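Just so you know, we're using my numbering here: the sequence shown kicks off at 654 and counts up by one. No residue lacks a Cβ here, since even glycine has one placed at the ideal position from N, Cα and C. Since the structure is predicted, the reported quantities are computational estimates derived from the model, not experimental observations.
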Amino acid sequence: PRIEDAMAKTKEDDIQSLRKSIDATPQAVSALKAKGLTSSQVVAINIADGVLTMFAKTA
């Protein structure tokens with residue numbers, strides 16, 4: 654699956670930087686909170702056509 658490929662290529666430093674950016678974006682924090690998630694669970698993102706998709710690990 655593509656998400657595992659993306660995760661494998663992402664360095665831990667990049668993930669930490671990504672999570673800090675998410676935490677600094679109120680809309681992203683609210684979207685995660687609405688699903689019962691936090692930025693610490695986000696493992697990858699995708700941005701296409703102005704839409705941010707966050708992929709989170711829940712288990």
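Legend entry - Extent of the continuous beta strand (DSSP E) run through A701: V695 to A701
Legend entry - Inter-residue Cα distance where the pair is T678 and A709: 16 Å
Legend entry - Distance, E657 Cα to A684 Cα: When rounded, the distance between both Cα atoms is 22 Å.
Inset, instruction - Output the distance between the C-alpha atoms of S670 and V695, rounded to the nearest integer angstrom. - result: Computed Cα separation, rounded: 11 Å.
Inset, instruction - Specify, as a first and last residue, the run of the alpha helix (DSSP H) that A681 falls within. - result: P679 to A687
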